[in-house]
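Each remark here refers to the structure printed beneath this line.
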Amino acid sequence: MRTGRIVEVEAYGGADDRASHARSGRTRRNGAMFGPPGHAYVYRVYGMHHCLNVVTGPEGSASAVLVRAVEPLEGVERMRRARLERSVATSRRDQADEGAAARRLAAVPADRLAAGPALVCAAFSIDLADDGLDLLRDRAPLRIAGAAPGRNRPGARTRGPDGTIIATTRIGVEPAGEPWASLPWRFVLAGSPSLSRPAPAGR
DNA sequence: AGTTGGATGGTCT
DNA sequence: GACCATCCAACTG
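Each residue of the first sequence is one higher than the one before, counting from 117 in the working numbering.
Listed below in structure tokens is the structure:
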């Protein structure tokens, strides 16, 4: 079994959030966002990667949380193997030279195996088949458990059960413009070695 | 250490 | 036909 601690997330609103996939209403791709909370919304980006969201709002509101990074706890070698499998499946380059890909993955520190939204999906073998899955069911193949409720005021550092949680701006949403680009809706566990990028120094 | 460009294909205008 | 909620290799300095 592969398990890990979620250390980085981003919140996305529904129609009101111009950075959200739900900004233009329901489409073929984002249907799961409009479904019940606690279910997965998985989509494909850049033709080869996948990203995992957890639907958070009531049905129809289309709000969700993107899982951007996970700190591996159990099944590290299985994750490494899954990363290799995904690389070979999606990259012609890695397909042509699988040995090079294997050596590359072997050199990745355990902490960094799921240090990015697409890496999370690769390490946990998540793809479109998981879209819409109920993540809160006991015994679900893909599952989120032990979630601790918390509060985060914009721009604040908040004490969570696993340490300090820092709110920052979301990544890759510049094109959405203001005020959406500046909303502090990315939340990271301070000091985690598994963040997709280090938390900002100041504030 | 930081920046840039290529990979890669479904979805939406 | 353009756009991506990305990652990695190959540069620069």
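Backbone N, C-alpha and C fix where the C-beta goes; we use that ideal spot for every residue, glycine too.
Taking the CA atoms as reference points, A156 sits about 6 Å from L251. In this structure, L311 lies near E124, with their beta-carbon atoms less than 7 Å apart.
Annotation: S179 to R302 spans about 14 Å, alpha carbon to alpha carbon.
About 15 Å separates the beta carbon of G176 from that of G248, a gap too long to meet the 8 Å contact definition. Here D246 is buried, its C-beta having at least 16 other C-beta atoms within 10 Å. In this structure, DSSP gives A217 a helical state, which the three-state scheme calls helix. Annotated as distal: A198 and A223, with beta-carbon spacing of 7 Å or more.
Proximity to L168 across V161, P174, L182 peaks at L182, based on C-alpha coordinates.
Per DSSP, E175 is not a residue of any beta strand (DSSP E), being assigned neither H nor E. Here DSSP, grouped into helix, strand and coil, assigns R197 to helix.
Taking a contact to require three or more Cβ pairs closer than 8 Å, the stretch 272-289 and the stretch 122-139 qualify as touching.
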